[in-house]
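Counting from -8, one number per residue, gives the positions in the sequence shown under my numbering. Quick notes on the structure that follows.
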Amino acid sequence: MQTITLHVKGMSCGHCANAIQQALTEIGAKGQVNLEQAVVSATYEESKISVSAIKEAIEEQGYEVVSAG
Ligand SMILES: [Cu+2]
């Protein structure tokens, strides 16, 4: 398992956090959102999911991933 920290623009409330967490669950990752820091921690299996898939899942919900690492 691998965990990455993504800085995400546009998250403002619990609805945003839920939308992102659910989108990550749908691709088989586990997301944890920190609204104050505008950070999403994603835990995933490297052999199954790519970082770009994680970014895409977040951006499809309407948020901007400004950095991932
Ligand atoms: Cu919101």
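Glycine included, every Cβ here is placed at the ideal spot set by N, Cα and C.
- Within the model, the alpha-carbon separation for Glu50 versus Val56 is close to 7 angstroms.
- The three-state secondary structure of Ala33, taken from DSSP, is strand.
- Here Ile(-5) is bridged, per DSSP, to Ala33.
- Leaving aside the five residues that flank Val42 on each side, the residues in its chain whose CB is nearer than 8 angstroms to its CB run, in chain order, Ile(-5), Ala59.
- Under the three-state reduction of DSSP output, Lys46 falls in the helix class.
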